[in-house]
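Beneath this line is the structure, given in structure tokens, with notes to follow.
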Amino acid sequence: MKIRILAAAGAFGLLTAFANSQALPVINEFVFNHVGTDTHEFVEIFGAPNTDFSFLSILQIEGDGTPSGTIDSVDVVGTTDANGFWFTGFKSNRWENGTVTLLLVAGFSGVVGNDIDSNNDGVIDFAPWNSIADSVAVTDGGAGDLTYSSVVLTPGFDGDPFTPGGASRIPNGTNTGSVSDWARNDFDGEGLPGFVGSPVLPEALNTPGTTNTLVPEPATMAALALGAIGLIRRRRS
């Protein structure tokens, strides 16, 4: 118990010191569901460059029906790259496609299977961590489903009636604590290796480990195409 308390205190100290010096790291992008078999799921963290965030963990909290509040998975965050990005790498069927909450916590001392909401009232009554640095939830709108974040992406949050399979903070790293910080990712996988997507406005591209980007405006795409044609012509001349 003493070791656990000291570890939690250390994590709290690191998080507090970090918060006092610069913006806290955020859950910047995630993909739980995409076209076909879910082989390219991931969660991305954005924070200070070249920083060890191993005192933080990403928790997946069940939100569908009776098991609501169960910790379904835990991923320990690593060290960000020179641009401030870290992501889990691609996972297969790790995150659920229904109602789920992501919590980015400091000083996690629990285990997978812990229930943080034993009476299923949507309020956390068991918190095996020191503090929550960030959170976001997705719901499919099922009766009795529960979420554990103030930011909940619902079917239709952006005008698209389907449950979002992934989403990105736009602009990159923006955190006002609002649903408006988020844009749905292209479900057909534009930006993921081996995928040919079908991106349309106002979707975001899938950009694991790099800057979050909205689908370009048609005028921008046309300008890029013309620029490419001009470059080809100059090379041939």
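Residue numbers (my numbering): 94 to 330.
C-beta atoms are modelled at their ideal positions from N, C-alpha and C, and glycine is treated no differently.
Where residue i falls, given that 16 or more other Cβ within 10 Å makes a residue buried
i	result
Val142	Inspection of the sequence shows that residue 142 is occupied by Pro rather than by Val. Result: exposed.
Leu298	buried
Ile138	buried
Gly146	Per the sequence shown, residue 146 should be read as Phe rather than Gly. Buried, since its Cβ has 16 or more Cβ neighbours within 10 Å.
Phe201	buried
Ser243	exposed
Gly287	exposed
Gly177	buried
Thr159	exposed
Leu294	exposed
Residue(s) in a DSSP beta bridge with residue i
i	result
Phe139	Val119 and Phe178
Val167	Leu152
Thr132	Its beta-bridge partners do not exist; DSSP assigns none.
Trp275	Arg262
Ser147	Bridge partners of Ser147: none, in fact.
Asp208	Thr163
Leu246	Val231
Close-in-space but distant-in-sequence residues of the same chain around residue i (CB under 8 Å, 5 per side omitted)
i	result
Ser114	Below a pLDDT of 50, predicted positions are generally treated as unreliable, and Ser114, at 45, falls in that range; the measurement from the model is reported next regardless. Result list for Ser114: empty, nothing under 8 Å.
Asp218	Ile209, Asp210, Ser211 and Asn212
Thr267	Asp274
Beta carbon proximity, residue i to chain B, threshold 7 Å
i	result
Asn305	No chain B is present in this structure, which holds just one protein chain.
CB of residue i within 7 Å of CB of residue j, strictly
i	j	result
Val272	Pro292	no
Ile154	Thr194	yes
Ile120	Asp227	yes
Phe135	Pro301	yes
Leu246	Ala236	no
Ser150	Val169	yes
Trp222	Val205	no
Asn207	Asn265	no
Residues of its chain near residue i, where Cβ-Cβ distance is below 6 Å and the 5 sequence neighbours each way are ignored
i	result
Thr240	Gly156, Thr194, Ala230 and Thr232
Thr256	Asp233 and Pro248
Gly215	Leu239
Leu117	Ala226
Thr132	Ser185
Gly191	Asp157 and Asp233
Leu285	His133 and Asn299
Gly171	Trp179
Gly203	Pro221
Other residues of its chain near residue i: CB distance less than 7 Å, five sequence neighbours each side excluded
i	result
Ala175	Pro142 and Asn143
Asp253	Arg277
Arg187	Glu134 and Ser166
Counting Cβ pairs closer than 8 Å, one from the region 126-141 and one from the region 158-167, do we hit at least three?
-> no
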